[in-house]
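Residue numbers (the working numbering): 13 to 174.
Here it is in structure tokens:
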């Protein structure tokens, strides 16, 4: 079986659940305690996509580190980028969509990108109506585990198909 390594970066404002998504995916755990990521935390998960073993290197970037100057350092070599926002804080969606413009600049045009709307477990209104104002690729709940694995597997699949 062929083995490849792929770098996936998670970007988003503080408190949107980037670390919780990684912990849920890699370790199948969720912790209600909020601990701010300082700098970068890199985790690894090995998955099989078809007949390929994929070493996913997951770069969890601190929310306060989002800036154009850091992209060249942290996105360099990235095969995929998850733009993560909080379903209950629309301003995090607006922020990540502004960052998307930077990420899709000429420097990172070949990088697979996907928007994750996290914390779906907190939506109390009709989700279809509430979420109609947003464009996203995955609706997840790191707390419940909803769609977390499928988001990462789909990202790996998309990266391998390029």
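Heads up, the beta-carbon is just placed ideally off N, CA and C, and yes, glycines get one too.
Shown here for residue 89: same chain residues with a beta carbon closer than 7 Å to its own, the five before and five after excluded, namely 19 in chain order. The region 119 to 133 makes no contact with the region 53 to 71, as fewer than three CB pairs between them are under 8 Å. Contact between the region 90 to 100 and the region 18 to 38 is established, with three or more Cβ pairs separated by less than 8 Å. Membership of residue 161 in the alpha helix (DSSP H) is indicated by the continuous run 160 to 173.
Residue range 52 to 61 is occupied by the beta strand (DSSP E) that includes residue 56.
Counting of Cβ neighbours within 10 angstroms places residue 144 among the exposed residues, the total staying below 16. Spatial neighbours of residue 123 in its own chain (CB-CB distance under 6 Å, excluding positions within 5 residues in sequence) are listed in chain order as 90 and 93.
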